[in-house]
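Residue numbers (the working numbering), protein chains in the order written: chain E, 1 to 316; chain W, 1001 to 1316.
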């Protein structure tokens, strides 16, 4: 019986659209930060006592997806035992916080260890990616880059900087904890139907350089605008897909407008948004309380969580 | 003393970005419908009694812009008299309802007549365009197309179908009657800074054909999706410009989400949005009351106006 913890991650440069559907190979490199307060804890046990895979804490299709991922690991071990899996998130599922990222990272690590497979970080990252693309970014420590690669063997994530490198915060604003209507898996498949998709891919390397420069210099004035531009760019692609994907709610839009106003008033904070209505406010630690205070007094905010950079997937 | 009335128009295919700044020549053809309940009434008198242009109903820069437009007409007449201008809108200024469109269309017609210049519709449309781009579309009757043209002389609007051709409605939902932060003139200038601008221009002719087919067949099932796609496409460009232009408020986003839901429930209605937070709901006349009823019970809706197709600029 092995338990692993893996963080969700917030992407500064996003993953949207797949070059290879089955292997979850992306169109572009992406960059993220692991989140200290949003994580999945997963316990896996393989035993002849089980007559089928049992998965607690997930439902329907998700259970089948877990089983399929366990099959990949069982095949590598040459072991056919069924497993009992128990998984818990610290945050609501399907609301734009990457539950599949932390989930498949934790599952990959716990199952590999339970099967006594000795994988290095790169191998774990590749396996996690096949389970759920951005899960590969929840394996390494702190600030992470996922390289497109040429094939499955070299499309994995690695740490750019450890979690204690920079006191950056992600003030996560939860406006809706209900599940979104369209899963990001379905959305990914239609990404190239946007007339803007290829212009996005063509322009992304310039923005990646800005994000890397901002991280290297620990300069939010360089990092922040690039993060925000990237979020807008991805959602513009989503909205212009067929069918249109509107992950934003009215509350999301109100927070976007507030952030722009706060910045005009001198508070250095930038927004980013994943495939859901919740908003991630990126600021330095010395401004996190002030950002959190300002957000809490907005109407319709369900909860606010201050995340710090976190270590990647690990055993407990 | 001459009085003219001109309607605002809602664009099914939008005008965003200028090939020629001074002459207001667009990058793409556009298509619009004149609005029966949103119009400007303008009275112009030229007289030696006036020692400067006097403009009632406008302020600041707008007064100078009117004077400059009168100069164009005075030059054509060889007349140097100053004018008294009085202008009134039936709707709030600067909130995404094209007040400059109806305003410059009414001003052009009234001033031309007051100077006894006998222009045909094409010439009036060209002059109105130089005053404010989309004003050229408020000159002709009903459903209108503005052709890019090769030069100023052939960039004008003409009627595709008269106002009584089809009982289409624009249920205008006003969520904010305050003036917007960024004028559309400034926004136009930065349009090409969006990485998506040229992809938009390249793809627009296909959408124009859909809009024309929908109008020809009086088929909202063809027209509606093309109108909505166009609105999303233009706002995706606006959001991804430098600096970002977010004309949508939280209320705008709530209405977008509601329209998608109503349509899923079987009500044939489509949204479009100009350079402001208000939402135009396009439906057939037999559904206008139902759409209006559903919109009125949403929170934060200031007012709702049902517009029919209207005749173009005319003297009263």
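Glycine included, every Cβ here is placed at the ideal spot set by N, Cα and C.
### Message
Let me see if you follow: with CB-CB separation under 8 Å, is residue 1271 (chain W) close to chain E or not?
### Response
In the second chain, residue 1271 (chain W) corresponds to position 271, counting from 1. Not closer than 8 Å to any Cβ of chain E, the Cβ of residue 1271 (chain W) fails to qualify, so no.
### Task
Counting only the same chain and skipping the five closest in sequence on each side, list residues whose C-beta sits under 7 Å from that of residue 1191 (chain W).
Within the second chain, the letter at position 191 stands for residue 1191 (chain W). Around residue 1191 (chain W): 1016, 1017, 1197, 1237 and 1241.
### Query
To which residues of the same chain is residue 267 (chain E) closer than 6 Å at the C-beta, ignoring the five residues directly before and after it?
If you number the first chain from 1, residue 267 (chain E) lands on position 267. Closer than 6 Å at the Cβ level, and outside the excluded window around residue 267 (chain E), lies no residue.
### Message
So for residue 1004 (chain W), helix, strand or coil by DSSP?
### Response
Taking the first residue of the second chain as 1, we reach residue 1004 (chain W) at position 4. Strand at residue 1004 (chain W).
### Query
Name the chain E residues whose beta carbon is nearer than 9 Å to that of residue 1252 (chain W)?
Counting from one through the second chain, the residue named residue 1252 (chain W) turns up at place 252. Neighbours of residue 1252 (chain W) on chain E, chain order: 250 and 253.
### Message
Between which residues of its own chain and residue 1226 (chain W) is the CB-CB distance below 6 Å, once the five residues before and five after are set aside?
### Response
Within the second chain, residue 1226 (chain W) is the residue found at index 226, counting from 1. For residue 1226 (chain W), where only same-chain residues beyond five positions count, the Cβ hits under 6 Å are 1207, 1210 and 1211.
### Task
Report the rounded CA-to-CA distance for residue 1050 (chain W) versus residue 1151 (chain W), giving the unit in angstroms.
Along the second chain, read from residue 1 onward, the residue named residue 1050 (chain W) stands at position 50. Along the second chain, read from residue 1 onward, the residue named residue 1151 (chain W) stands at position 151. Straight-line Cα distance between these residues: approximately 36 Å.
### Query
With a cut-off of 8 Å, does the C-beta of residue 1246 (chain W) fall near any C-beta of chain E?
The residue you call residue 1246 (chain W) lines up with position 246 of the second chain. Yes - at least one Cβ of chain E is within 8 Å of the one on residue 1246 (chain W).
### Query
Closest by CA to residue 1220 (chain W), which one among W:1132, W:1281 and W:1176?
Residue 1220 (chain W) sits at position 220 when you count from the first residue of the second chain. Minimum Cα distance to residue 1220 (chain W) is reached at W:1281.
### Task
Report the residues of the segment 1226-1245 of chain W with a CB closer than 7 Å to any CB of chain E, ordered along the chain.
1232, 1233, 1236, 1239, 1240 and 1244
### Query
How about residue 257 (chain E): is its C-beta nearer than 8 Å to some C-beta of chain W?
For this step, residue 257 (chain E) is matched to residue 257 along the first chain. Yes, its Cβ sits closer than 8 Å to a Cβ of chain W.
### Message
Only counting the same chain, and skipping five residues up and downstream in sequence, which positions put a Cβ closer than 7 Å to that of residue 1157 (chain W)?
### Response
In the second chain, residue 1157 (chain W) corresponds to position 157, counting from 1. 1125, 1136, 1137, 1139, 1140, 1144, 1145 and 1146, listed in sequence order.
### Task
For residue 195 (chain E), decide whether its Cβ has a neighbour in chain W, counting only Cβ atoms nearer than 8 Å.
Reading the first chain from its first residue, position 195 is the one you call residue 195 (chain E). Yes, residue 195 (chain E) lies at the interface with chain W (some Cβ there is under 8 Å from its Cβ).
### Query
What alpha helix (DSSP H) runs, 4 residues minimum, are completely inside the segment 1193-1273 of chain W?
1197-1217, 1220-1239 and 1250-1264
### Sequence-distant residues of the same chain with beta carbon closer than 6 Å to residue 11 (chain E), five excluded per side
Position 11 of the first chain, counted from the first residue, corresponds to residue 11 (chain E). Hits under 6 Å: 30 and 32.
### Task
Tell me whether the beta-carbon of residue 291 (chain E) lies closer than 8 Å to the beta-carbon of residue 171 (chain E).
As a first step, residue 291 (chain E) must be located in the first chain, where it is residue number 291. As a first step, residue 171 (chain E) must be located in the first chain, where it is residue number 171. Yes, the pair counts as a contact, with Cβ atoms nearer than the cut-off.
#### Entry: Endpoints, alpha helix (DSSP H) assigned at residue 1038 (chain W)
In the second chain, residue 1038 (chain W) corresponds to position 38, counting from 1. Premise fails: residue 1038 (chain W) lies in the beta strand (DSSP E), 1030-1046, not in any alpha helix (DSSP H).
### Query
By how many angstroms is the C-alpha of residue 247 (chain E) removed from the C-alpha of residue 187 (chain E)?
Position 187 of the first chain holds residue 187 (chain E). Position 247 of the first chain holds residue 247 (chain E). Cα to Cα, residue 187 (chain E) sits roughly 10 Å from residue 247 (chain E).
### Query
So with Cβ pairs under 8 Å, would you call residue 176 (chain E) a contact of chain W?
By 1-based counting over the first chain, the position of residue 176 (chain E) is 176. Output row for residue 176 (chain E): interface = no.
### Query
Taking the continuous alpha helix (DSSP H) assigned at residue 284 (chain E), which residues delimit it?
Translated into the one-based positions of the first chain, residue 284 (chain E) becomes position 284. Here residue 284 (chain E) belongs to no alpha helix (DSSP H); instead the beta strand (DSSP E) covers 279-284.
### Task
At 4 residues or longer, and completely inside the segment 1088-1124 of chain W: list those alpha helix (DSSP H) runs for me, N to C.
1099-1114
#### Entry: Below-8 Å beta-carbon distance, residue 224 (chain E) vs any chain W residue
As a working mapping, residue 224 (chain E) is identified with position 224 in the first chain. For residue 224 (chain E), the answer is no, since every Cβ of chain W falls outside 8 Å of its Cβ.
#### Entry: Sub-8 Å separation of residue 1036 (chain W) and residue 1288 (chain W) beta-carbons
Along the second chain, read from residue 1 onward, the residue named residue 1036 (chain W) stands at position 36. Along the second chain, read from residue 1 onward, the residue named residue 1288 (chain W) stands at position 288. Result no, Cβ atoms of residue 1036 (chain W) and residue 1288 (chain W) do not sit closer than 8 Å.
### Query
Do residue 1295 (chain W) and residue 1201 (chain W) have their C-beta atoms closer together than 8 Å?
Translated into positions along the second chain, residue 1295 (chain W) becomes position 295. Translated into positions along the second chain, residue 1201 (chain W) becomes position 201. Contact flag unset, no.
#### Entry: Anticipated Cβ contact below 8 Å, residue 73 (chain E) with residue 112 (chain E), distance rounded
Counting from 1 along the first chain, the entry for residue 73 (chain E) is found at position 73. Counting from 1 along the first chain, the entry for residue 112 (chain E) is found at position 112. About 6 Å separates the two Cβ atoms, so the contact holds.
### Message
Distance check for residue 1069 (chain W) and residue 1164 (chain W), CA to CA, integer angstroms please.
### Response
The residue labelled residue 1164 (chain W) in the question sits at position 164 within the second chain. The residue labelled residue 1069 (chain W) in the question sits at position 69 within the second chain. Computed Cα separation, rounded: 32 Å.
### Message
Tell me the rounded alpha-carbon separation between residue 1021 (chain W) and residue 1129 (chain W).
### Response
What you label residue 1021 (chain W) is simply residue 21 of the second chain in a count that begins at 1. What you label residue 1129 (chain W) is simply residue 129 of the second chain in a count that begins at 1. Their Cα atoms are separated by approximately 12 Å.
### Query
When DSSP labels each residue in this structure, what does residue 59 (chain E) get in the three-state scheme?
By one-based count along the first chain, residue 59 (chain E) stands at place 59. Residue state, collapsed to three classes: coil.
### Message
I'd like the span of the alpha helix (DSSP H) that includes residue 184 (chain E), first residue to last.
### Response
Locating residue 184 (chain E) in the first chain gives position 184, where the first residue counts as 1. First-last of the alpha helix (DSSP H) with residue 184 (chain E): 184-189.
### N-terminal and C-terminal residue of the beta strand (DSSP E) that residue 344 (chain E) is part of
Within the shown structure, residues of chain E are numbered from 1 to 316, placing residue 344 (chain E) beyond reach of any answer.
### Query
What does residue 1020 (chain W) pair with, by DSSP beta-bridge criteria?
Along the second chain, one-based indexing puts residue 1020 (chain W) at 20. Its beta-bridge partners are W:1025.
### Buried or exposed (CB count within 10 angstroms, at least 16 for buried), residue 14 (chain E)
Numbered from 1 along the first chain, position 14 holds the residue referred to as residue 14 (chain E). That one is buried.
### Query
Taking just the CA atoms, how far does residue 1312 (chain W) sit from residue 1048 (chain W)?
Residue numbering aside, residue 1048 (chain W) sits at position 48 when the second chain is read from its first letter. Residue numbering aside, residue 1312 (chain W) sits at position 312 when the second chain is read from its first letter. Rounded to the nearest angstrom, the two C-alpha atoms are 31 Å apart.
### Task
Taking residue 184 (chain E) as the reference, give the member of E:25, E:100 and E:298 with the closest Cα.
Position 184 of the first chain, counted from the start, is the residue given in the question as residue 184 (chain E). It is E:100 whose Cα lies nearest to the Cα of residue 184 (chain E).
### Query
From what residue to what residue does the beta strand (DSSP E) around residue 160 (chain E) run?
Taking the first residue of the first chain as position 1, residue 160 (chain E) is located at position 160. Its beta strand (DSSP E) spans residues 157-161.
### Task
Out of W:1071, W:1304 and W:1213, point me to the one whose CA is closest to residue 1082 (chain W)'s CA.
The count along the second chain starts at 1 and reaches residue 1082 (chain W) at position 82. It is W:1071 whose Cα lies nearest to the Cα of residue 1082 (chain W).
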